[in-house]
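Written below as structure tokens is the structure these notes are about.
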Amino acid sequence: MMRAAVYRSFNGPINIESVPRPTAPPDGVVVQVMATGVCRSDWHGWKGHDSDIADHGLPFVPGHEVSGIVVEVGSPIRKLNVGDRVAIPFILSCGRCRECHPSRNRPTICERQMQPGFTMMGSFAEYLALPRADRNLYILPPDVSFVEAAALGCRFTTAYRAVLQQGRLVQGQTVAVFGCGGLGLSCVMIAAAQGAARIIAVDISEEALDKAKEVGATDIVNARSRGSSTREGENAVRDEISKITDGIGADLTIDAAGFRATCEDAVWCARRGGRMVQVGLPIGGQSPQVPMGLVAGREIEIVGSHGCAAEDMPAILSLVAQGRLDPKKLVEKEVSLEEGARAIMDMDRGSPLGMMVVTSFGKNGSSRL
């Protein structure tokens, strides 16, 4: 048996229960969870916003930002051994579908992808069974901690793909990030590591903007204090970004929040021939009004971005090992399993600025690290 955080109804209590410890699937492993992040996506799942969890059925264990130690392996596993410290991406691609085929190589949109905490039981538990292990799990470098690896598992890996792969940001360019929650701040840090000349952070929270400045933003824009105009295409946020970029606009704009206003502003603030990446999942129930005439006339690319391929994990881990990326800057607190479960429910009142990581899974609350 093992301890796990379990909810038996959407929006119901998340309790710590004793549940059966999983066994390794034939193509997978069992990992002793050493660190798992508390993410806004876990809250969305608990609230019933994610159809994958509904399809899986309740009761359910949340959690998808995870690192740990391999304690059991399935018989065909060749790349991993008991005792290995591993990083775990939240998209476990199949390697066999049309999107995973080498002719396309798009595992982030795998047709049969599995995701801990969404399509299968998650990491708010002492142990986690993971299929497709040889394809998707990677051994941690010795100088990358479990907490850092857990922080990478969703926010930073998602930001990596949005900024560098889908956004194609190169050194010396300008990027504007709309929304400075965990994902947006990760985008700021990835852009800084890439050598962006200007990194413009936009949010309605002064605290979030101060944090963005701390982790690499060169300019900040408070969307709340700027207000807006009723004339199409004109508002103070767009005007401010135009001023910052000498009337050109940003080479790359990223909507990391998913609100109607952040999506619309990200399109309007892209330069001629620039790119807008939609990585924040749409929320709020209002569809954005995208100025497609502007998109066509200025040849603006609009690109979606979802997660990150497991094959890119070594490159991200290398950035951490080299000291170019420090995910611990976003980690505010290490907590117990009970505190992590409570933190998900507390997101009804808003998300914390920094990242909370569960590192204590036992009854006495002592950390495994």
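Position in the sequence shown (from 1) plus 95 gives the number in the working numbering. Backbone N, C-alpha and C fix where the C-beta goes; we use that ideal spot for every residue, glycine too. Predicted model only: the values in this text are computed from it and were never measured.
**Request:** Could you spell out the range, first to last residue, of the alpha helix (DSSP H) harbouring R367?
**Result:** Taken as a continuous stretch (DSSP letters only), R367 belongs to no alpha helix (DSSP H), being part of the beta strand (DSSP E) at 365-373.
**Message:** Between V332 and I349, how many whole angstroms is the CB-CB distance? I'm expecting something under 8 Å.
**Reply:** No, V332 and I349 are not in contact; Cβ-Cβ is about 14 Å, not under 8 Å.
**T340 - DSSP class collapsed to helix/strand/coil** = coil
**Request:** Can you say whether Q417 is buried or exposed, counting buried as having 16 or more other CB atoms within 10 angstroms of its CB?
**Result:** exposed
**Prompt:** What's the gap between the Cα of H151 and the Cα of F213?
**Reply:** 8 Å
**Request:** Leaving aside the five residues before and after R419 along the sequence, list all residues of the same chain whose C-beta is less than 7 Å from its C-beta, in chain order.
**Result:** A288
**Item:** Assumed close pair Q127, V166 - CB separation to whole angstroms, cut-off 8 Å
**Value:** 5 Å
**Prompt:** Given that a residue counts as buried once 16 or more other Cβ atoms are within 10 Å of its Cβ, and exposed if not, what is Q261?
**Reply:** buried
**Prompt:** For the 8 Å Cβ check, are there 3 or more pairs between the region 222-241 and the region 125-139?
**Reply:** yes
**Message:** Once DSSP output is grouped into helix, strand and coil, what is the label at P211?
**Reply:** strand
**Message:** DSSP three-state label for L187, please.
**Reply:** strand
**Request:** Give the straight-line distance between the Cα atoms of N330 and A296, rounded to the nearest whole angstrom.
**Result:** 16 Å
**Beta-carbon proximity of V316 to I285, cut-off 8 Å** = no
**Prompt:** Can you name the residues that DSSP bridges to S62?
**Reply:** Outside the shown range of the chain (96 to 464) lies residue 62, about which nothing can therefore be said.
**Item:** DSSP bridge partner residues for Q127 (one or two, in chain order)
**Value:** I164, Y222
**Message:** Just list the residues that DSSP pairs F155 with in beta bridges.
**Reply:** Y102
**Request:** Please report how far the alpha carbon of R319 lies from the alpha carbon of G274, in whole angstroms.
**Result:** 12 Å
**Residue span of the alpha helix (DSSP H) that contains E433, given as start and end** = 432-441
**Message:** With a threshold of 7 Å on Cβ separation, who are the neighbours of A365 within its own chain once the five nearest residues in sequence on each side are excluded?
**Reply:** G344, A345, T348, M371, I395
**Message:** Is the beta carbon of P226 closer than 8 Å to that of P120?
**Reply:** yes
**Item:** For I294: DSSP bridge partner residues
**Value:** V270
**Item:** Close-in-space but distant-in-sequence residues of the same chain around E327 (CB under 6 Å, 5 per side omitted)
**Value:** Below a pLDDT of 50, predicted positions are generally treated as unreliable, and E327, at 49, falls in that range; the measurement from the model is reported next regardless. Contacts found: none.
**Item:** the region 397-408 / the region 261-271 touching (three or more Cβ pairs under 8 Å)
**Value:** yes
**Request:** Can you give me the start and stop residues for the alpha helix (DSSP H) that T252 sits inside?
**Result:** 252-255
**Three-state class that DSSP yields for T203 in the structure shown** = helix
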